[in-house]
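Structure first, commentary second.
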Ligand code: SF4
Ligand code: SF4
Ligand code: SF4
Ligand code: FES
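In our numbering, the protein residues as written are 59 to 398.
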């Protein structure tokens with residue numbers, strides 16, 4: 059309904075400011091070119107997409123209509139509002155609906171409860187990868203006395219550790235002492251943990267492991283620390299989380315309508331797909347050749363990757379995906395293959 063019009067430049071207003079829309083530009087492109095920020099999840103510049111998330115909603119005050127700015131072409135006389143409380147509310151509702159179906163954890167619970175703000179999951183990743191210089195540097199960024207700072211702490215990190223729901227919690231304090239006692243190495247560049255800035259951000263609820271997942275994790279977790287590395291691969295780089303935080307959402311308001319299994323699919327090389335973090339925006343479907351595809355329709359629709367299509371997936375989908383659903387193991391974290 060919004061797409062049929064001639065490709066000509068025209069004058070519209072965005073937030074009461076007159077602007078010229080260039081031929082073929084959508085509203086979001088005009089707005090962003092003019093420095094007006096509009097969030098988007100299912101849209102990415104230059105990529106094929108279909109509007110589905112409605113996070114980019116704007117209102118045309120000339121007729122009161124709310125519309126997705128990522129697919130709407132300007133028409134003469136439009137009075138576009140991108141920033142009123144009304145528009146903000148509409149976007150917040152769209153985000154909340156997306157999050158209601160989102161079974162995943164942004165941050166590891168151990169890191170969330172450490173009173174010293176140590177990113178414990180990252181420390182354990184360095185430890186598991188034998189990157190001891192970085193482990194020591196991370197420790198030094200949060201602790202003043204790495205060898206003894208845990209001594210007077212009741213260790214809430216070990217009490218909340220999700221490995222404890224599988225069999226036995228990770229021995230976090232012992233590993234910290236081991237790292238602290240290691241000889242210094244050349245690659246101990248100072249590491250600033252971004253964790254402290256994240257505490258006011260959105261945290262998706264902790265998904266509980268099903269009995270099948272628990273059994274699988276117990277049988278297959280081979281990390282040296284025994285850590286499950288349950289923090290999201292995209293915790294610092296997720297547009298869904300960023301927009302949720304910007305819209306004041308810290309927890310999901312709605313009970314999950316469907317619970318996607320928490321498993322990871324190895325695509326190839328260092329690329330992985332985690333369906334529980336997919337918001338079904340379709341970017342990976344429209345921008346891979348014989349790659350991802352939709353299965354079913356409506357509320358039960360899922361994005362899937364047929365086994366025979368895995369080799370067609372390229373690394374650029376990692377940056378195209380607005381969440382942590384498609385990620386690069388090398389860049390992010392250790393993962394566990396789990397096929398149910
Ligand atoms: S995909 Fe985003 S919102 Fe979901 S768990 Fe990961 S960081 Fe959090
Ligand atoms: S025991 Fe150490 S790592 Fe664990 S919460 Fe306390 S200070 Fe943090
Ligand atoms: S995997 Fe990522 S890009 Fe693909 S549909 Fe899901 S959220 Fe969108
Ligand atoms: S970004 Fe426009 S509908 Fe998703």
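A virtual CB, placed ideally from N, CA and C, is assigned to each residue, including glycine. Just so you know, these numbers come straight off a predicted model, no measurement behind them.
Give a yes or no on whether 9 Å exceeds the smallest Cβ distance from residue 304 to chain C. In the structure shown, chain C cannot be found, because there is only a single protein chain.
Under 8 Å from any heavy atom of ligand 3, does the C-beta of residue 335 make it? For residue 335, the CB falls within less than 8 Å of some heavy atom of ligand 3.
Reduced DSSP category for residue 384 - H, G, I as helix; E, B as strand; rest coil: DSSP places residue 384 in the strand class (E or B) of the three-state scheme.
Beta carbon nearer than 6 Å to a non-hydrogen atom of ligand 4: Selection around ligand 4 by beta-carbon proximity, strictly under 6 Å to any non-hydrogen atom, yields 98, 99, 100, 101, 109, 110, 111, 112, 113, 114, 126 and 128 in chain order.
Nearest-angstrom Cα distance between residue 189 and residue 141? If you draw a straight line from the Cα of residue 189 to the Cα of residue 141, it comes to about 45 Å.
Are the beta-carbon atoms belonging to residue 100 and residue 111 less than 9 Å from one another? Closer than 9 Å, so yes.
Where are the beta strand (DSSP E) runs, 3 residues long or more, that stay fully inside the stretch 89-135, in chain order? If one requires a minimum length of 3 residues, the beta strand (DSSP E) runs lying completely within the stretch 89-135 are 115-118 and 123-126, in chain order.
Assigned secondary structure, residue 233 (DSSP; H/G/I helix, E/B strand, else coil): Looking at residue 233 - three-state DSSP - the assignment turns out to be helix.
How long is the line joining the alpha carbons of residue 176 and residue 259, rounded to whole angstroms? It is roughly 17 Å from the alpha-carbon of residue 176 to the alpha-carbon of residue 259.
Which value, in whole angstroms, describes the spacing of the CA atoms of residue 149 and residue 358? Inter-residue distance for residue 149 and residue 358 is about 23 Å (C-alpha atoms, whole angstroms).
Residue 157 and residue 298: beta carbons closer than 9 Å? Going by C-beta atoms, residue 157 is nearer than 9 Å to residue 298.
Closer than 6 Å by C-beta to residue 137: which residues in its own chain qualify, once you throw out the five before and the five after it? Chain order, please. Excluding residues within five positions, the ones whose Cβ falls inside 6 Å are 71, 119 and 120.
Have a look at 216, 193, 229 and 143 and flag the residue whose alpha-carbon is nearest the alpha-carbon of residue 240. Among 216, 193, 229 and 143, the Cα nearest to that of residue 240 belongs to 193.
In the DSSP assignment, find the alpha helix (DSSP H) that holds residue 278 and state where it starts and stops. Per DSSP, residue 278 belongs to the alpha helix (DSSP H) from 269-278.
At what residues does the beta strand (DSSP E) containing residue 69 begin and finish? Annotation for residue 69: the continuous beta strand (DSSP E) segment containing it runs 68-72.
I believe residue 326 touches residue 371 by the beta-carbon criterion, under 8 Å. Please report the beta-carbon distance rounded to the nearest angstrom. Confirmed, about 7 Å.
Could you pull the start and end residues of the alpha helix (DSSP H) that residue 341 belongs to? Element bounds for residue 341: 341-344.
By how many angstroms is the C-alpha of residue 294 removed from the C-alpha of residue 139? Their Cα atoms are separated by approximately 30 Å.
If you draw a straight line from the alpha carbon of residue 361 to that of residue 184, how long is it in whole angstroms? Using only the alpha carbons, I get a separation of about 32 Å.
Of the listed residues 356, 85 and 154, nearest to residue 124 (C-alpha basis): Of the candidates 356, 85 and 154, the residue whose Cα lies closest to the Cα of residue 124 is 85.
Say yes only if the C-beta of residue 160 is nearer than 8 Å to one or more non-hydrogen atoms of ligand 1, and no if none qualify. At least one heavy atom of ligand 1 is nearer than 8 Å to the Cβ of residue 160, so yes.
Is it right to say residue 374 is buried, meaning 16 or more other beta carbons lie within 10 angstroms of its own, or is it exposed? By the neighbour-count definition (other C-beta atoms within 10 Å, threshold 16), residue 374 is an exposed residue.
Is residue 381 near ligand 1, in the sense that its beta carbon is under 8 Å from a heavy atom of that ligand? Residue 381: yes, Cβ under 8 Å from ligand 1.
Residue 115 and residue 132: beta carbons closer than 9 Å? It is not a contact, given that the beta carbons lie outside the stated cut-off.
Roughly how many angstroms separate the alpha carbons of residue 113 and residue 343, rounded to a whole number? Between the alpha carbons of residue 113 and residue 343 lies a distance of about 19 Å.
Terminal residues of the beta strand (DSSP E) in which residue 137 lies: For residue 137, the uninterrupted beta strand (DSSP E) segment begins and ends at 137-139.
Just list the residues that DSSP pairs residue 79 with in beta bridges. The partner list for residue 79 (beta bridge, DSSP) reads 68.
Taking the alpha helix (DSSP H) that residue 217 belongs to, which residues open and close that run? Start and end: 214-218.
Between the Cα of residue 382 and those of 92, 171, 338 and 174, spot the shortest distance and give me the residue it belongs to. It is 338 whose Cα lies nearest to the Cα of residue 382.
Roughly how many angstroms lie between the CA atoms of residue 282 and residue 306, to the nearest whole one? About 38 Å.
What is the DSSP secondary structure of residue 337, reduced to helix, strand or coil? Correct three-state label for residue 337: coil.
Proximity below 9 Å, CB of residue 204 to CB of residue 237: Note that the C-beta distance between residue 204 and residue 237 is below 9 Å.
Residue 287 and residue 186: beta carbons closer than 9 Å? By the CB criterion at 9 Å, residue 287 and residue 186 fall inside the cutoff.
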